[in-house]
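S.K.:
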Amino acid sequence: MTATPGATPTIVLVGHGMVGQRFLEALAERGLTATHRVVVLCEEPRPAYDRVALTSYFSGKTPDDLSMTDMEFIENHGIELYVGDPAVSVDRDAKKVTARSGEVFDYDTLVLATGSYPFVPPVPNKDAEGCFVYRTIEDLLAIEEYAKSKATVGAVVGGGLLGLEAAGALKGLGLTSHIVEFAPRLMPVQVDDGGGAALLRTIEQMGLTVHTGVGTQEILVDSEGAVTGMKLSDGSELATDMVVFSAGVRPRDQLARDCGLTVGERGGITVDEQCRTVADPHVFAIGECALASDGRVYGLVAPGYEQAETAAATIASDEASFTGADLSTKLKLLGVDVASFGDAHGTAEDCLDVVYSDSRAGLYKKLVIGRDGTLLGGILVGDAEAYGTLKAFTGSVPPVSPESLVLPAGAGESVQLGPSALPDDAIVCSCHNVSKGTIRGAVTDHQCTTVPEVKKCTKAGTGCGSCVKVLGQLVNAELEASGVEVDKGLCGCFGQTREELYEIVHALRITTYQDLLDRHGREEARGGDGCEVCKPAVGSIIASLAPTIGASGYVLDGEQAALQDTNDHFLANLQKNGSYSVVPRIPGGEIAPEKLIVIGEIARDFGLYTKITGGQRIDMFGARVEQLPLIWARLVDAGFESGHAYGKSLRTVKSCVGQTWCRYGVQDSVRMAIDLELRYRGLRSPHKLKSAVSGCQRECAEAQSKDFGVIATANGWNLYVGGNGGATPRHADLLAQDLSDAELIRLIDRFLMFYIRTADRLERTSTWLERIPGGLDHVRDVVVHDSLGICDELEQLMRAHVAHYRDEWAETVNDPEKLARFVSFVNAPDTPDPVVAFVPERDQMKPDLPLLSIGMRPAADVLEGSAQR
Amino acid sequence: MTLAPETTDLKIELALDDDWFTVCDLSTLLPGRGVAALLPDGRQAAVFRDRSGDLFAIDNRDPFTGAAVLSRGLTGTHQGRPFVASPLLKQRFDLTSGQCLDDESVRVTAYKVRAA
Ligand code: SRM
Ligand SMILES: Cc1cc2nc3c(=O)[nH]c(=O)nc-3n(C[C@H](O)[C@H](O)[C@H](O)COP(=O)(O)OP(=O)(O)OC[C@H]3O[C@@H](n4cnc5c(N)ncnc54)[C@H](O)[C@@H]3O)c2cc1C
Ligand code: SF4
Ligand code: FES
């Protein structure tokens, strides 16, 4: 580009959206930020963020999480970023841009990336209080505030991609949601009638009301001017408190019009194949504001990124062009997979459709095939598993018959066509235009061995994320091909996953760890001593299956004692100074005064610190190992059992006071909590299990934050699963409604046993539910509809556990040989560990921690390699 | 297993300065687990036995926390060498040398030990 002699040439970018940010990165990659002054005018109050993931704000992402702008990047490249200062006019003759702040910038090259604005149909009262659009973080904040304070019903105008997302968001905010779509089906652009029908069914099942084939005629308002409803084109009225317009977008080309640049008939700044405006070689337009050389305005981010690259390359005098892009999309809308790719509507001459449809299951898959067998495009609704592979095969003749690609797995003909069958030039990530060959290269030439490394190296998978799955498969395939073993094993001792080990133990009835290690461990680990990862994991598997495989259910029996983590080994929780805490079971949190007194007396007699736990029971801290049997002898005597606060097993079933006392309660939540706690006590599982029962929807027991939570209804019980507190909280999902006592227990039996069977080590039900293929729907199929035919077996396993449960502390205090292990010193059983000491604090005591300096011991203190066989 | 009847009254002994110090009966030590022994000078040793009957002893104090708990950790084999993982924060220590496997600047005392 020409510059004033002597001065650094200036590039001014107007619009810091997704495409604008990508353009800056492309400039930096080409070294242009070093040779140019780069000025960015950003209209929104924050730098570029991930608009595609906008809706995830409602599932807990903060505006910061959504940011795409690394301020270090901006600073390091000397980019001048003016946030909240839009361009208001352009003088092309003087090559100057004026910002709202009044500042004027000279440019040598001007790049417009102003995106689009939401189209609001010109209906009366469209600007009333309670009308919104869905485009920016500010829009979402406004919607959220209004929905929380002023609305219980919401309607979305437009049943396209964004409309469905907006409707899902309203539903997530607790509103009754309606979708009004003028076309006869949902997502008219992406799917055909069949796909629309499958989508409709699934979306209605989620409780959203869909009105298709009707337009919005007027927004109805009250005397204050706030929305009260909508008048529809069929004459009917829909009562609603708020309206979100999502009826499409229009390019923001006003700035360009005002300065005399050419725009298309239906909007969009006209550019050539280099993304240069046809009217002025010094001005470029990219992203959603541009009318590309193929006559289209692209409303997706991937083509915009390609345009950003093209413009940057052109400014660097490299060869590049943008001649059009494919409109493939894969989305998860309200939890439903929807994908369309290539010539989805079959517009090519003589093409044929291959359709598989199961509207009961909400499945619809269509492939468009050319006469010669070339895959031209397709639509997938309900199951878009094959999207990545199919899209990459578009334009070629797939190596297997098209029918087999759309049939569901297990339907005889179905073929799982892995990405390894793809040609090297197939585009795997369309957001960043990354080919399979590039991904393979990242593994073979750049030594990337994990998906995160490959993402960093190639950018693949860092856009919409829909290709990450295929990416993972490719990386693994490539590693395997180059001889690197992709290790999914539990640890250095076992090549199997926990789930596989569970199946081995179950099927072959293996009752000892050593047997499992020596027969099924990795070659190099056989005959060895295992490790701290697999020992407790296998110990837990053997314990959960004990009655079924014929092992002892007592965790301190024989070899099992050596497998347990310290806590399980001493049936208490180790504290920071080497002392232990004691937690007797208080089922449902209900405790009679007599028992409270016993706990108080024991704590007083042994000088223990007491605290009410977060799990509705009482913890006594500061017991020395040799005191544990004495404390427990008294607890067992008073009728207490182990609370398993130490085990990866059932912790507590919290309760609210429920119907018995509470004026709102509709069921006896305390009784149910006690029943559940007693039924599942002692059940060893991949991680700890927590539960709660609330007596009504007010949810005082916080059941929705539990692995399995129960909430009373007028007709019975609702069962929620997969809740979690902790560092990554998750709300539980509703598994089934209005269950009787017996139905509830049967379902929990199945759910827990299915989890124990298939979860990974230390995987709570929440992460498990997120990880397993098919998620909640799959789990519901298995445990409610018995789709795998294993429910009888799951129930039987639970019955065996319940029948064989024994309190492990009662067992231990009656076994002198086991008790002998509860000493501080093997050679001085009566001497307490002098390191365990306490100091007073607030009427009780706390550990007095010994001070040690790490890694700075005098050399004389350390005996060199002196162990002896 | 090496626990033949004639070995049951064998004692575990630890080498201290110039003498062998008796800790306990060999049979009290469960393979794969440790016990703590109080030494005459007030220090503590953690004594372990692996599944093939080999014995090891290191200092019982966990240098990362100060608590005397290494005898209560889980044991295992790492690249052919025996280790114990502290039950508190899970750092592993080589049982033959006392070297911490997760922080090369940290090492605990290792003792000679035998069954006699
Ligand atoms: C004692 C107690 C805190 C208190 O003073 O109230 C506690 C104490 C410990 N918690 Fe907790 N948690 C206690 C209630 C909770 C709760 C609240 C609840 O259960 O309603 C939660 C959040 C709910 C949840 O789990 O989803 C909770 C989430 C955790 C987590 C995070 C789990 C996660 O999935 O992210 C850990 C770490 C872990 O398990 O990996 C943890 C781990 C621990 C450990 C075991 C850490 C350790 O290894 O030393 C603590 C030792 C317990 C001890 O020495 O007795 N604790 N912990 C509570 C015992 C409840 C009981 O009666 O059994
Ligand atoms: C909810 C939602 C979900 C979406 N989901 C997907 C999806 O799944 N897949 C997909 O491919 N696409 C999706 N999109 C579309 C995608 O977000 C856009 O294609 C993409 O953001 C376009 O980038 P852009 O930079 O051209 O425009 P934008 O990201 O809109 O950025 C333009 C920026 O320019 C600013 N601007 C305008 N005028 C001026 C001015 N005069 N001065 C200074 N600044 C100005 C605007 O404020 C804006 O910040 C979605 C969009 C939304 C709203
Ligand atoms: S959840 Fe309902 S029944 Fe239980 S205590 Fe709260 S308000 Fe009462
Ligand atoms: S296709 Fe969107 S990130 Fe790869």
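These protein sequences, in sequence, are chains A and B.
One point on numbering: in UniProt numbering, the residue at position 12 of the first sequence is 12, and numbering is uninterrupted.
One point on numbering: in UniProt numbering, the residue at position 41 of the second sequence is 41, and numbering is uninterrupted.
Glycine included, C-beta positions come from ideal geometry on N, C-alpha and C.
(1) Going by the C-beta, is G388(A) closer than 7 Å to any heavy atom of ligand 6?
(2) Flag L255(A) as yes if its beta-carbon sits less than 8 Å from any beta-carbon of chain B, otherwise no.
(3) Excluding sequence positions up to five away, which residues of its chain have a Cβ less than 7 Å from the Cβ of F23(A)?
(4) Against chain B, does Q514(A) count as a neighbour if the rule is that its beta carbon must be under 8 Å from one of theirs?
(5) Between which two residues does the alpha helix (DSSP H) containing H506(A) stretch?
(6) Scan the segment 26-42 of chain B for residues whose Cβ lies nearer than 7 Å to a Cβ of chain A and list them as they occur along the chain.
(7) Which of the three DSSP states is assigned to V415(A) in this structure?
(8) Where E811(A) and D50(A) are concerned, what is the direct C-alpha to C-alpha distance, given to the nearest angstrom?
(9) Does the beta carbon of C700(A) fall short of 7 Å from some heavy atom of ligand 2?
(10) Run through DSSP, which three-state label would K231(A) get?
(11) So, helix, strand or coil for W717(A), using DSSP?
(12) Does at least one heavy atom of ligand 2 sit under 7 Å from the Cβ of N45(A)?
(13) Need the endpoints of the beta strand (DSSP E) that Q737(A) sits in, please.
(14) So, are the CB atoms of K818(A) and L563(A) less than 8 Å apart?
(15) Less than 7 Å between the CB of P63(A) and some heavy atom of ligand 2, yes or no?
(16) Mind pulling the chain A residues with CB within less than 9 Å of R72(B)?
(17) Assuming residue 958(A) and G163(A) make a contact with CB atoms under 8 Å, what is their CB distance in whole Å?
(18) Within a Cβ cutoff of 7 Å, which residues of the same chain sit near G670(A), ignoring the five residues on either side of it in sequence?
(19) Pull up the CB-CB distance for E766(A) and G723(A), whole angstroms please, since I reckon it's below 8 Å.
(20) Please identify the residue among H569(A), I549(A), A638(A) whose C-alpha is closest to the C-alpha of P584(A).
(21) Is it a yes or a no for the segment 147-155 of chain A touching the segment 276-283 of chain A, going by three-plus beta-carbon pairs under 8 Å?
(22) Under 8 Å by Cβ, that's how I've got V368(A) and D343(A) pegged, so tell me the actual separation to the nearest angstrom.
(23) Got a sec, what are the start and stop residues for the alpha helix (DSSP H) K846(A) sits in?
(24) Looking at the unbroken alpha helix (DSSP H) that takes in Y305(A), where does it start and where does it end?
(25) Is E9(B) close to chain A? Criterion is C-beta to C-beta, closer than 8 Å.
(26) Measuring only the C-alpha atoms, how far is C467(A) from V813(A)?
(27) Mind checking the segment 533-546 of chain A against chain B and listing, in chain order, the residues whose C-beta falls within less than 9 Å of any C-beta there?
(28) Which residues in chain B sit within 7 Å of T812(A), going by Cβ to Cβ distance?
(29) Does chain B have any CB closer than 8 Å to the CB of V354(A)?
(30) Under DSSP, the alpha helix (DSSP H) around H547(A) begins and ends at which residues?
(31) When the cut-off is 8 Å and only beta carbons count, does D102(B) lie next to chain A?
(32) Helix, strand or coil for P584(A) per DSSP?
(33) For L849(A), return the contacting residues in chain B, with the cut-off set at a CB-CB distance below 7 Å.
(34) So with CB distances below 7 Å, who are the chain B contacts of F825(A)?
(35) Specify the secondary structure class of Q91(B) as computed by DSSP and reduced to three states.
(36) Hey, residue 894(A) and L405(A): beta-carbon distance below 8 Å or not?
M.R.: In terms of the structure at hand:
(1) With respect to ligand 6, the structure shown offers nothing to examine, as its ligands consist of ligand 1, ligand 2, ligand 3 and ligand 4.
(2) Taking Cβ atoms only, chain B never reaches closer than 8 Å to L255(A), which makes this a no.
(3) The answer, listed in chain order, is L13, V111, A113, I286, A308, A311, A312.
(4) At least one chain B Cβ lies under 8 Å of Q514(A).
(5) Start and end: 498-508.
(6) Within the segment 26-42 of chain B, the qualifying residues are T28, L30, P31, G32, R33, V35, A36, A37, L38.
(7) Low confidence applies here, because V415(A) scores a pLDDT of 47, under 50, leaving its location unreliable; read the following figure in that light. Three-state result, V415(A): coil.
(8) When the Cα atoms are used, E811(A) and D50(A) turn out to be separated by approximately 58 Å.
(9) Not so, every heavy atom of ligand 2 lies at least 7 Å from the Cβ.
(10) Strand, per DSSP.
(11) DSSP places W717(A) in strand when its eight states are reduced to three.
(12) Reading the sequence as shown, one finds Pro at residue 45(A) and not Asn. The answer is no for P45(A).
(13) For Q737(A), the uninterrupted beta strand (DSSP E) run begins and ends at 733-739, by DSSP.
(14) Not in contact: K818(A) and L563(A) (Cβ atoms no closer than 8 Å).
(15) False, no ligand heavy atom lies under 7 Å from that Cβ.
(16) The contacting residues are T566, H569, F570, L574, G578, V625.
(17) Here chain A comprises residues numbered 1 to 869, so residue 958(A) is not present and cannot be evaluated.
(18) Note on identity: in this sequence residue 670(A) is Val, with Gly being the wrong assignment. Around V670(A): G588, E590, S655, V657, G658, T660.
(19) The identity of residue 766(A) in the sequence shown is Ser, whereas the question assumes Glu. The distance from the Cβ of S766(A) to that of G723(A) is about 7 Å, consistent with a contact at the 8 Å cut-off.
(20) Nearest C-alpha to P584(A): A638(A).
(21) Not touching, per the Cβ criterion.
(22) About 5 Å separates the two Cβ atoms, so the contact holds.
(23) Here K846(A) belongs to no alpha helix (DSSP H); instead the beta strand (DSSP E) covers 844-847.
(24) Per DSSP, the unbroken alpha helix (DSSP H) holding Y305(A) starts and ends at 301-315.
(25) For the record, residue 9(B) in the displayed sequence is Asp; it is not Glu. It does not: the Cβ of D9(B) has no partner Cβ on chain A nearer than 8 Å.
(26) Separation of C467(A) and V813(A) (C-alpha to C-alpha, rounded to the nearest whole angstrom) is 57 Å.
(27) Closer than 9 Å at the C-beta level to chain B, one finds these residues of the segment 533-546 of chain A: V533, C534, K535, P536.
(28) Simply none; closest approach about 15 Å.
(29) In terms of beta-carbon proximity, V354(A) stays away from the interface with chain B, with every pair separated by 8 Å or more.
(30) Looking at the sequence itself, residue 547(A) is Pro, so the reference to His does not match. Looking at the DSSP string, the run of the alpha helix (DSSP H) that includes P547(A) is 534-549.
(31) So, not an interface residue.
(32) Strand at P584(A).
(33) For L849(A), the chain B residues whose C-beta falls within less than 7 Å of its own C-beta are G66, listed in chain order.
(34) For F825(A), the C-beta contacts it makes with chain B under 7 Å involve A36, A37, L38, in order along the chain.
(35) Q91(B) falls in the coil class under three-state DSSP.
(36) Chain A is shown from 1 up to 869; residue 894(A) falls before or after that span and cannot be answered.
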